[in-house]
Amino acid sequence: MFFSVVIPTYNRLPILQKCLQALESQTFTGDYEIILVDDGSTDGTIDWLQQNQQNFNHVKYFVQNHGGPAIARNLGVEKAQGDIIIFIDSDLVVLSDFLQSHYQALITGKQKLKSDKFFTYGAVINTANFENPTSEPYKITDFSAAFFATGNVAIPKHWLETAGLFDINFQLYGWEDLELGVRLKKLGLQLIKCPQAVGYHWHPAFNLAQIPKLIDQEIQRGKMGVLFYQKHPTWEVKMMIQMTFFHRLLWGILSLNGMLNEKTMAGFLQWLIDSGKPQLALEIARIFLNWYNVNAVYAAYQQK
Numbered sequence: 168m169f170f171s172v173v174i175p176t177y178n179r180l181p182i183l184q185k186c187l188q189a190l191e192s193q194t195f196t197g198d199y200e201i202i203l204v205d206d207g208s209t210d211g212t213i214d215w216l217q218q219n220q221q222n223f224n225h226v227k228y229f230v231q232n233h234g235g236p237a238i239a240r241n242l243g244v245e246k247a248q249g250d251i252i253i254f255i256d257s258d259l260v261v262l263s264d265f266l267q268s269h270y271q272a273l274i275t276g277k278q279k280l281k282s283d284k285f286f287t288y289g290a291v292i293n294t295a296n297f298e299n300p301t302s303e304p305y306k307i308t309d310f311s312a313a314f315f316a317t318g319n320v321a322i323p324k325h326w327l328e329t330a331g332l333f334d335i336n337f338q339l340y341g342w343e344d345l346e347l348g349v350r351l352k353k354l355g356l357q358l359i360k361c362p363q364a365v366g367y368h369w370h371p372a373f374n375l376a377q378i379p380k381l382i383d384q385e386i387q388r389g390k391m392g393v394l395f396y397q398k399h400p401t402w403e404v405k406m407m408i409q410m411t412f413f414h415r416l417l418w419g420i421l422s423l424n425g426m427l428n429e430k431t432m433a434g435f436l437q438w439l440i441d442s443g444k445p446q447l448a449l450e451i452a453r454i455f456l457n458w459y460n461v462n463a464v465y466a467a468y469q470q471k
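Using my numbering, you'd call the opening residue of the sequence shown number 168 and step up by one each time.
Take a look at the structure:
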């Protein structure tokens, strides 16, 4: 079993350094490579890699013009030599037994199912602790019900190729991995959870300066959600992208039809942040962020 860890990256050099260092410090004794695809970074990522290549024996890197994670991951799979692809994000810092845990879960899964028609899905814990990201405990907000997400997943390469890899029409933020998951599910692949393979997803603590970008991501996610639904017009996908009357009613009520927004809630959110509760502030901000998302979904759908 030969692992190819495929990582797309775009302007994430500080946390990418920790990501790669963690992958080079694995207890796994088998064969593995790290396929890093730089998606047109402008923060010196490639210069840093070239200057420090001697410290990263497993890393092979490739560069593309900025085109988004779907195109980057497809390039990574194309260049990968391994029979097992592990997808992680470049802001994920893993534990030293990460690869060994996926390996053991893959062996156990194959023995149980008598085939390789499955993938293993590791745990992702969100953290804002840059200095020591792996110190964060698991929180209820870290739970994910996604079938296939590229934050921490291991899958035989040939099933990705059979499914057709990622759809490069997903050029904005969101859904390209879950859409591939729908195709994998149609092929009969099963999910085997592997909570021992832990990755810590770092992002800076929430502050008000992040809100414009978060709103833009929700609008992009709404547009890509409609593309997702066009490819798979099912009730399940409708629920996932929040294109239902229930979601419109829910977020409309909670946001008072948009009256609770980034402007009217700014003072309260800043008070929570100043009180040492940035995560709570973010969860409350999701009220209007989801309202932006639902409106973007319906706006994009009406334009089709």
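Note that the Cβ used here is the ideal one computed from N, Cα and C, for glycine as well.
None of the values given here were measured: they were computed from a predicted structure.
Outcome for residue i when other beta-carbon atoms lying within 10 angstroms are tallied against a minimum of 16
i    : result
F169 : exposed
I274 : exposed
G289 : buried
W438 : exposed
G276 : buried
F285 : buried
A433 : exposed
Q193 : buried
L423 : exposed
P300 : buried
T401 : exposed
S268 : buried
E403 : exposed
G235 : buried
P379 : exposed
Chain-order list of residues whose beta-carbon lies under 6 Å from that of residue i (same chain, five-residue window excluded)
i    : result
D373 : The residue you asked about is not Asp; residue 373 is Phe in the sequence shown. Once the five neighbours on either side are set aside, the close Cβ partners of F373 are P445, A448 and L449.
N457 : W418
D198 : F169
H414 : V461
F333 : A237, R240, N241, E343 and L347
K185 : V260
N319 : I255, G289, V291 and G366
D264 : T194
H399 : V349
I382 : Y459
Q338 : G235
Closest residue to residue i among the options (Cα-Cα distance)
i    : options                   : result
A145 : W342, P300, L332 and S302 : Lying outside 168 to 471, the shown extent of the chain, residue 145 is not represented and no answer is given.
M407 : I440, S311, W326 and I378 : S311
P323 : P379, F412, L262 and T287 : T287
D250 : N296, T431, D283 and P175 : D283
L280 : E385, Y396, Q357 and M426 : Q357
K405 : L345, D441 and G425       : L345
F195 : T411, Q248, K360 and A364 : A364
Q377 : H399, L436 and Q397       : L436
L203 : Q218, N222, S171 and G234 : S171
K360 : I201, A321, Q221 and V173 : A321
N493 : N222, L216, M410 and D206 : Any property of residue 493 remains undetermined from this structure, which presents the chain solely from 168 to 471.
A272 : T431, Q384, A247 and P362 : P362
Q397 : L375, Q470, D441 and A452 : Q470
Cutoff 7 Å; reference residue i; Cβ partners in own chain excluding five residues on either side
i    : result
N472 : Outside the shown range of the chain, which is 168 to 471, sits residue 472, and nothing can be said about it.
K352 : F314
A467 : G389, K390 and V393
L427 : I454 and F455
L327 : V244 and I252
V230 : D205 and I213
S302 : N296
7 Å Cβ cutoff, residue i in contact with chain C
i    : result
C361 : Absent here is chain C; the protein component of the structure consists of one chain.
Neighbourhood of residue i by C-beta distance below 8 Å, restricted to the same chain and skipping five residues each side
i    : result
G348 : A313, F314, F315 and A316
A330 : L347, R350, L351 and L354
Q220 : V226
Residue ranges of each beta strand (DSSP E) run of no fewer than 3 residues wholly in the segment 240-272, ordered along the chain? Entirely contained in the segment 240-272, the beta strand (DSSP E) runs reaching 3 residues are, in chain order, 251-255 and 259-261.
The segment 177-185 / the segment 252-262 touching (three or more Cβ pairs under 8 Å): yes
Would you check if there are 3 or more beta carbon pairs closer than 8 Å linking the segment 415-422 to the segment 363-371? no
Would you check if the segment 388-404 and the segment 455-466 touch, i.e. whether three or more CB-CB distances between them fall below 8 Å? yes
Which complete alpha helix (DSSP H) runs does the segment 352-429 hold, if anything under 4 residues is left out? 378-398, 402-408 and 412-421
For the segment 176-226, which segments carrying the beta strand (DSSP E) assignment without a break, of at least 3 residues, lie completely within its bounds, in sequence order? 198-205
Counting pairs of Cβ atoms below 8 Å between the segment 199-211 and the segment 297-312, do you hit three or more? Remark: fewer than three beta-carbon pairs, one from each stretch, lie closer than 8 Å, so the segment 199-211 and the segment 297-312 are not flagged as touching.
Start-end ranges of the beta strand (DSSP E) lying completely within the segment 283-343, minimum 3 residues: Within the segment 283-343, the complete beta strand (DSSP E) runs of at least 3 residues are 285-294 and 319-323.
Within the chosen definition, does the segment 187-196 reach the segment 216-233 through at least 3 CB pairs nearer than 8 Å? yes
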